[in-house]
Every structure is written in structure tokens, then in C-alpha cells.
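Residue numbers for the sequence shown, in our numbering: 46 to 194. Every residue, glycine too, gets a C-beta built ideally from N, C-alpha and C. Since we're looking at a predicted model, the values are computed, not measured. Here is the structure we will look at, set down as C-alpha cells.
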Amino acid sequence: MTSSNNAATLTQAEYAAIWERVDYNGNGLLSLAELDKAVVEIWPNLNHKPAIMRAYKAADKNDDGFIKKNEFRFFVRFIHYYNELWTKFESIDDDGDRRLTKSEFQQAATMVGLDDPDAVFEEIDSNDGGVVLFDEFCSWMAKRENNTE
Numbered sequence: 046m047t048s049s050n051n052a053a054t055l056t057q058a059e060y061a062a063i064w065e066r067v068d069y070n071g072n073g074l075l076s077l078a079e080l081d082k083a084v085v086e087i088w089p090n091l092n093h094k095p096a097i098m099r100a101y102k103a104a105d106k107n108d109d110g111f112i113k114k115n116e117f118r119f120f121v122r123f124i125h126y127y128n129e130l131w132t133k134f135e136s137i138d139d140d141g142d143r144r145l146t147k148s149e150f151q152q153a154a155t156m157v158g159l160d161d162p163d164a165v166f167e168e169i170d171s172n173d174g175g176v177v178l179f180d181e182f183c184s185w186m187a188k189r190e191n192n193t194e
């Protein structure tokens with residue numbers, strides 16, 4: 046197995062070996078608890094609950110609450126992707142409350158050169174809660190990345 050277990054460099058055999066290692070009860074399904082344990086054991090640097098939850102939901106293609114072997118490679122890719130987003134989100138979240146206030150967002154927006162931080166904040170805050178949650182931030186980043194490709 047590769048030393049980093051980075052999703053981009055894993056072979057099919059390595060995915061299979063990791064699957065066998067983390068399918069603790071051998072039922073061919075991984076629950077959120079099993080995935081959480083797997084991340085702690087295999088990728089401890091990616092152990093951020095909001096990113097794990099987002100990766101789990103994104104990889105569960107049929108929405109049955111479990112990750113099957115054919116969905117597992119997506120989970121591995123997503124856990125790396127959402128951890129990158131979590132790192133960005135966390136760096137903006139000055140007070141560590143897992144929510145971005147308009148003030149926190151404005152400071153970060155200035156650093157990255159967003160033209161109209163207030164309008165962007167309103168766009169991201171899809172539930173009009175007055176703060177940006179990690180899920181909202183992820184949705185916005187995904188749209189933004191898709192528009193630049």
C-alpha cells in the first residue's frame with residue numbers, strides 16, 4: 046500500500062485491500078461509524094467530522110445509509126477533497142464555531158480578491174441563516190470550481 050494512501054495514487058488492488066481492512070464485520074457495507082473508524086486508523090490527518098460526514102453523504106449514491114464496495118472509491122476521493130475544503134473553511138473561521146460570520150468571510154474575501162464579498166456571502170448563505178455553514182461553503186466551492194473548468 047502507498048505510504049500516503051492518497052486517493053489519486055491508489056491502485057484498484059490498494060482500494061480492495063483497504064476495503065477488506067475496514068469492512069470490520071464483513072457484511073459488504075460500511076456504516077458511518079465504520080468509515081469514521083477507518084479514517085482515524087488510515088488517514089488520521091483527515092479526521093475532521095464535518096468532512097467525513099460530507100464525504101459519506103456524497104459517496105452514498107443510492108442514499109441507503111451505507112457505503113458499498115463500488116461506492117468506497119468515491120468516499121476515499123471525497124474524504125480527501127472535503128478535507129481540503131475543511132482546511133480552507135477552518136482557516137476563515139476565526140472563532141472556531143464552525144460557522145462563518147459575514148465579518149470573517151469579508152476578511153477572507155479581501156485576501157483572495159473577491160469583488161463583492163457581501164453579495165457572495167448572501168449567495169453562499171442559502172438558508173438565510175446569517176452565517177455560512179460548512180455544507181453551504183462546500184456547495185459554493187463546488188459550483189465555483191465547476192465554473193472555472
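Check                                                                                                    : Outcome
Going by C-alpha distance, which of Arg-143, Tyr-69, Tyr-101, Asp-68 is nearest Tyr-126?                 : Tyr-101
So Leu-130 is in the alpha helix (DSSP H); what residue range does that whole segment cover?             : 114-137
Just how far apart, CA to CA, sit Phe-182 and Asp-161?                                                   : 16 Å
How far does the alpha helix (DSSP H) with Ser-148 in it reach, from first residue to last?              : 147-157
Between the region 133-141 and the region 110-117, do three or more beta carbon pairs fall short of 8 Å? : no
In the DSSP assignment, what residue or residues form a beta bridge with Val-67?                         : According to DSSP, Val-67 bridges with nothing at all.
Quick check: the Cα distance between Pro-89 and Arg-99, rounded to an integer number of angstroms?       : 17 Å
Could you tell me the boundaries of the alpha helix (DSSP H) in which Asp-161 lies?                      : Careful: Asp-161 lies outside any alpha helix (DSSP H) and carries neither H nor E.
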